[in-house]
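Colleague:
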């Protein structure tokens, strides 16, 4: 089922732009728009929403104040022209943080991440994989979020977990990691690389790019990647 979205922004051009982006993604549906947080408060009391695209800087009640006041908020993607609120986004556990002007590529990445969270929340309990896992580090254990893993690099019986700002080395084989992590999110592009498809920036020939890092795609996996990931979500042909 499509995720029902509410767009909250005091600027009509910004609202219309996000609604237009939503219309291009087959798993999203624009259920409504609001010009203020106060208007959105009334809307949420009457209708069920899965995902909010929420502007932060609005008159009377900011997006942050609005979100903090909600008892059981839907998933949230912040949209703002100001980067200084990024830490608030992490504190409030929002799905993503989009800086204006928003490109469609960045919007699509955030939407994929929202679908990932939504699927985890609604998966049958017996099949549900906790987004937080623990990996052994020296004498202890470190908590990680597999949602934030960009890609995994295999090295015989070890693996490097690449995140945006760090790399963690664990004693684990690629085969066991591939069996543990959700197959609809992590795709094997090469015998040495397993990628989180929500973080892919581009695919070109036999190369894939994630956050400026170039990764090789093996000839045996390229056709599967195009068919199962790229063509399935292709906007224009």
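Residue numbers (full-length UniProt numbering): 1 to 237.
Note that the Cβ used here is the ideal one computed from N, Cα and C, for glycine as well.
#1: Which whole-angstrom value describes the C-beta separation of residue 215 and residue 230, a residue pair presumed to lie in contact below a C-beta threshold of 8 Å?
#2: If we ignore side chains and look at the alpha-carbon of each, how far apart do residue 156 and residue 173 end up?
#3: Does the segment 146 to 164 come close enough to the segment 216 to 229 that 3 or more CB-CB pairs lie under 8 Å?
#4: Could you compute how far the alpha carbon of residue 189 sits from the alpha carbon of residue 51?
#5: Assuming residue 144 contacts residue 168 under a Cβ cut-off of 8 Å, what Cβ separation, rounded to an integer in Å, is found between them?
#6: Could you check whether residue 72 and residue 29 sit closer than 8 Å to each other, using their CB atoms as the reference points?
#7: With distances taken Cα to Cα, identify the nearest neighbour of residue 204 among 53, 226, 59 and 32.
#8: Among 170, 121, 112 and 58, whose alpha-carbon lies nearest the alpha-carbon of residue 137?
#9: Could you pull the start and end residues of the beta strand (DSSP E) that residue 143 belongs to?
#10: Taking only three categories from DSSP, how would you classify residue 55?
#11: How big is the Cα-Cα spacing for residue 127 and residue 120?
#12: By Cβ distance below 8 Å, which residues in the same chain neighbour residue 165 in space, the five residues on each side in sequence not counted?
#13: Output needed for residue 133: all residues of its chain with C-beta closer than 7 Å, excluding positions within five of it in sequence on either side, in chain order.
#14: With DSSP run on the structure shown, which of helix, strand or coil describes residue 180?
#15: Under the DSSP definition of a beta bridge, which residues are partnered with residue 96?
#16: Would you please state the rounded distance, in angstroms, between the beta carbons of residue 60 and residue 38? I believe it to be under 8 Å.
#17: Taking all protein chains shown into account, decide if residue 211 is buried (16 or more other Cβ within 10 angstroms of its Cβ) or exposed.
#18: With residue 22 as the anchor, note down where its alpha helix (DSSP H) starts and where it stops.
#19: Count the other CB atoms, across all protein chains shown, that sit within 10 Å of the CB of residue 180; report buried if there are 16 or more and exposed otherwise.
#20: How would you call residue 47, buried or exposed, if buried means at least 16 neighbouring beta carbons within 10 angstroms?
#21: Would you mind listing the alpha helix (DSSP H) stretches within the UniProt domain "HTH LytTR-type" (133 to 227) that are 4+ residues and don't spill past its ends, in chain order?
#22: Excluding sequence positions up to five away, which residues of its chain have a Cβ less than 8 Å from the Cβ of residue 5?
Modeller: On the basis of the data shown:
#1: Actually they are not in contact, since the Cβ atoms of residue 215 and residue 230 sit about 15 Å apart, beyond 8 Å.
#2: Cα to Cα, the separation comes out at about 7 Å.
#3: A contact is defined here as three or more CB-CB pairs under 8 Å, and the segment 216 to 229 fails this definition with respect to the segment 146 to 164.
#4: One C-alpha to the other measures close to 31 Å.
#5: That belief holds up - the Cβ atoms of residue 144 and residue 168 are roughly 7 Å apart, short of 8 Å.
#6: Inclusion of residue 29 and residue 72 in the CB contact set at 8 Å is not warranted, their separation being larger than that value.
#7: Residue 204 has its Cα closest to that of 226, out of 53, 226, 59 and 32.
#8: When only C-alpha atoms are compared, the closest one is 170.
#9: Per DSSP, residue 143 belongs to the beta strand (DSSP E) from 140 to 145.
#10: If DSSP states are grouped into helix, strand and coil, residue 55 belongs with the strands.
#11: With a pLDDT of 48 at residue 127, under the threshold of 50, the modelled position of that residue is not reliable, and the figure given next carries that caveat. Straight-line measurement puts the Cα of residue 120 at about 9 Å from the Cα of residue 127.
#12: Apart from sequence neighbours up to five positions away, no residue of its chain approaches residue 165 with a beta-carbon distance below 8 Å.
#13: So the list reads 144 and 146, once near-sequence residues are dropped.
#14: Three-state DSSP puts residue 180 in a helix.
#15: Note: residue 96 sits in a beta bridge opposite 77.
#16: That belief holds up - the Cβ atoms of residue 60 and residue 38 are roughly 6 Å apart, short of 8 Å.
#17: A residue is called buried once 16 or more other Cβ atoms fall within 10 Å of its Cβ, and residue 211, having fewer, is exposed.
#18: Annotation: the continuous alpha helix (DSSP H) that includes residue 22 extends over 12 to 23.
#19: It counts as exposed.
#20: Exposed.
#21: You should have 174 to 180 and 219 to 225.
#22: Excluding positions up to five away in sequence, the list reads 22, 28, 29, 30, 31, 49, 50, 51, 52 and 53.
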